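Numbered per this note's numbering, the sequence shown spans residues 29 to 308. Step one of this worksheet: look at the structure below.
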Amino acid sequence: MIEVDTIAGMRAQVAGARREGQTVGFVPTMGYLHEGHLTLIRRAREESGLVVVSIFVNPTQFGPGEDFEAYPRDLERDAALAEGAGTDVLFYPPVREMYPDGYATYVTVEGMTAKLCGASRPTHFRGVTTVVAKLFHIVEPDLAFFGEKDHQQLLVIKRMVTDLNLKVTVVGVPTVREPDGLAMSSRNVYLNGSQRAAAVVLSRSLAAAREAFAAGERDPAGLAALVRRMIEAEPLAAVDYVEIYSWPDLADIGRLDRPVLLAVAVRFGRTRLIDNTVLR
Ligand code: PAF
29 MIEVDTIAGM RAQVAGARRE GQTVGFVPTM GYLHEGHLTL IRRAREESGL VVVSIFVNPT
89 QFGPGEDFEA YPRDLERDAA LAEGAGTDVL FYPPVREMYP DGYATYVTVE GMTAKLCGAS
149 RPTHFRGVTT VVAKLFHIVE PDLAFFGEKD HQQLLVIKRM VTDLNLKVTV VGVPTVREPD
209 GLAMSSRNVY LNGSQRAAAV VLSRSLAAAR EAFAAGERDP AGLAALVRRM IEAEPLAAVD
269 YVEIYSWPDL ADIGRLDRPV LLAVAVRFGR TRLIDNTVLR
């Protein structure tokens, strides 16, 4: 595995692979890799000649008072894990390489970024789409792999790729879960023992919603209320949102008569976790 921390170095690696006619697969991450990331990397390995992984804790997607400084970082451990999963090139630019002095350009996807996580994190998706657009321009991948745990992010990036006529194909990969159902996340390390035990309520409430839907429930408000009741019954959990929108365009709906995204965000102490399910 080759490690590069400059944009020029990254471009040189991709240029070499292109000369050999290789397909480039890309997994953008913020590091502190877990099994969810490794699943994305293995999938990229299966489908690409050159596998590029980026590790960049992107300051522009954190709001004031969020965990940018505290976000877990361990480059040495990440490099070993990335290599083991099949990475060819690890790109870990410093902040000044991505956002030099005078940086002033942002990419914004409108509408769908104002709801769900965008409602409580108003500048988050602007930061995500800006950094992902920059990374796509630097790496120029054929394929880019994103986890379905951040489902709104996946849909927003697909929208950006379509709207800006980018050549990359965005591949969504199913959420990887702990044995008890908790979706894997770098932020799970913030949970203490009792919060970790309580956090299983997210996947359990979504499973209950899937059962109710399978049994014929077609009222979005009824389904959201079922999930909210289950989460609120857990004393350590504070609901940020339980919402249902049409999938994949995230429009408001009156009945469950088309595919929908049921998404939840819940705080356990200072840690905010998200999870979702698509009902078809
Ligand atoms: O999902 C993430 O880890 C980040 O939002 C991403 C896509 C790497 C952009 O910083």
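Cβ atoms here follow ideal geometry from the backbone N, Cα and C, with glycine treated the same way. These figures come from a predicted structure and were not determined experimentally.
Three CB pairs or more closer than 8 Å across the stretch 43-51 and the stretch 125-135: no
Alpha helix (DSSP H) runs wholly inside the stretch 131-189, at least 4 long, in chain order: 145-148 and 152-167
Which runs of the beta strand (DSSP E) spanning at least 3 residues fall entirely within the stretch 266-302, listed in chain order? 288-296
Taking C-alpha atoms, which residue in Asn220, Ala226 and Gln180 lies nearest to glutamate 138? The residue labelled residue 138 in the question sits at position 110 within the sequence shown. Checked all of Asn220, Ala226 and Gln180; the closest Cα to glutamate 138 is Gln180.
Just reading off the alpha helix (DSSP H) that phenylalanine 241 is part of, what are its end residues? Looking up residue 241 in the sequence shown gives position 213. That run of the alpha helix (DSSP H) goes 229-242.
DSSP three-state assignment for glycine 200, whether helix, strand or coil: Along the sequence shown, read from residue 1 onward, the residue named residue 200 stands at position 172. Strand.
Does the beta-carbon distance from methionine 258 to arginine 187 come in below 8 Å? The residue you call residue 258 lines up with position 230 of the sequence shown. The residue you call residue 187 lines up with position 159 of the sequence shown. No; because the gap between Cβ atoms is not below 8 Å, this pair is not in contact.
Would you kindly check if the distance between the Cβ of leucine 144 and the Cβ of arginine 310 is under 8 Å? The requested residue 310 does not occur in the structure, where the chain is confined to residues 29 to 308.
Limits of the alpha helix (DSSP H) - the one that serine 222 falls within: In the sequence shown, residue 222 corresponds to position 194, counting from 1. Unbroken alpha helix (DSSP H) run through serine 222: 221-226.
If we count the other Cβ atoms within 10 Å of its Cβ and call it buried at 16 or more, is arginine 283 buried or exposed? Residue 283 sits at position 255 when you count from the first residue of the sequence shown. Under this definition arginine 283 is an exposed residue.
Taking C-alpha atoms, which residue in Asp191, Gly175, Leu251 and Lys177 lies nearest to alanine 161? If you number the sequence shown from 1, residue 161 lands on position 133. That would be Asp191, whose Cα lies nearest to the Cα of alanine 161.
Any chance you could list the residues with Cβ under 6 Å from a heavy atom of ligand 1, keeping chain order? Pro56, Thr57, Met58, Asn86, Gln89, Val156, Val159, Val160, Asp178 and Gln181
Using three-state DSSP, classify valine 324 as helix, strand or coil. Nothing can be reported for residue 324: it is not among the residues displayed for the chain, which extend from 29 to 308.
Quick one: is glycine 175 buried, meaning 16 or more other Cβ sit within 10 Å of its Cβ, or exposed? Translated into the one-based positions of the sequence shown, residue 175 becomes position 147. Counting Cβ neighbours within 10 Å, glycine 175 comes out buried, since at least 16 surround it.
Strictly by DSSP, which residues pair up with arginine 205? To locate residue 205, count along the sequence shown from 1; it is residue 177. BP columns for arginine 205 point to Ala211.
At a cut of 8 Å, does the stretch 149-161 reach the stretch 95-104 through at least three beta carbon pairs? no
Answer with buried or exposed for histidine 65, where buried requires no fewer than 16 other C-beta atoms within 10 angstroms of its C-beta. As a first step, residue 65 is located in the sequence shown; it is residue number 37 there, counting from the start. Label assigned to histidine 65: buried.
Are the CB atoms of phenylalanine 173 and alanine 108 nearer to each other than 8 Å? As a position in the sequence shown, residue 173 is number 145, starting the count at 1. As a position in the sequence shown, residue 108 is number 80, starting the count at 1. Contact flag unset, no.
Tell me the start and end of each unbroken alpha helix (DSSP H) in the stretch 38-101 that is at least 4 residues and wholly inside, in chain order. 63-75
Alanine 237 versus valine 294: straight-line alpha-carbon distance, rounded: If you number the sequence shown from 1, residue 237 lands on position 209. If you number the sequence shown from 1, residue 294 lands on position 266. C-alpha separation (whole angstroms): 16 Å.
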